[in-house]
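**Q** Residue numbering for the sequence shown follows this note's numbering, starting at 581 and increasing by one per position.
Note that CB positions come from ideal geometry on N, CA and C, so glycine has one too.
Pasting a structure here, questions to come.
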Amino acid sequence: MALQIQGAHGRLTPNMEEIFAQGASSSALHMDSFSQPPPLPLHLQPIVQALASGATDEAASARLGLSPRTFSRRVAELLRLLEVESRFQAGLAASRRGWI
Numbered sequence: 581m582a583l584q585i586q587g588a589h590g591r592l593t594p595n596m597e598e599i600f601a602q603g604a605s606s607s608a609l610h611m612d613s614f615s616q617p618p619p620l621p622l623h624l625q626p627i628v629q630a631l632a633s634g635a636t637d638e639a640a641s642a643r644l645g646l647s648p649r650t651f652s653r654r655v656a657e658l659l660r661l662l663e664v665e666s667r668f669q670a671g672l673a674a675s676r677r678g679w680i
């Protein structure tokens, strides 16, 4: 007999043995809610600050001593890291993670 636990929203959750017996992979368990997001890489910290300041890409890249192309690539890297599509979403995600 499988033990079932009532979740916070009143739904019954299947026990782990049943999940694995049905062939569910660990990725199907949505364990990401238990893990911490990765820290902000050092080379992206000035990029986050520049975006938060509202500077244009041209001004931010000049201030950081980067070519506009390098600055643009690092912004794209930041968006991928945060799994977002826009700079606005990146700002929200960075704020939620305590990066700004």
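In this structure, how does DSSP classify Leu646 when only helix, strand and coil are distinguished?
**A** Position 66 of the sequence shown, counting from 1, holds the residue named residue 646. Of the three classes helix, strand and coil, the one that applies to Leu646 here is coil, per DSSP.
**Q** I'd like to check one pair, Gly678 with Leu631: are the Cβ atoms closer than 8 Å?
**A** Counting from one through the sequence shown, the residue named residue 631 turns up at place 51. Counting from one through the sequence shown, the residue named residue 678 turns up at place 98. Not a contact, by the Cβ cut-off of 8 Å.
**Q** Does Leu661 come out as helix, strand or coil in the three-state DSSP assignment?
**A** For the purposes of this step, residue 661 is taken as the residue at position 81 of the sequence shown. Residue state, collapsed to three classes: helix.
**Q** Does Ser615 get closer than 8 Å to chain D when you measure Cβ to Cβ?
**A** Looking for chain D here will not work: only one protein chain is present.
**Q** Between the alpha carbons of Gly645 and Ala639, how many angstroms are there, rounded?
**A** Locating residue 645 in the sequence shown gives position 65, where the first residue counts as 1. Locating residue 639 in the sequence shown gives position 59, where the first residue counts as 1. Straight-line Cα distance between these residues: approximately 10 Å.
**Q** In the DSSP assignment, find the unbroken alpha helix (DSSP H) run with Leu672 in it and report its ends.
**A** As a working mapping, residue 672 is identified with position 92 in the sequence shown. That run of the alpha helix (DSSP H) goes Arg667 to Arg676.
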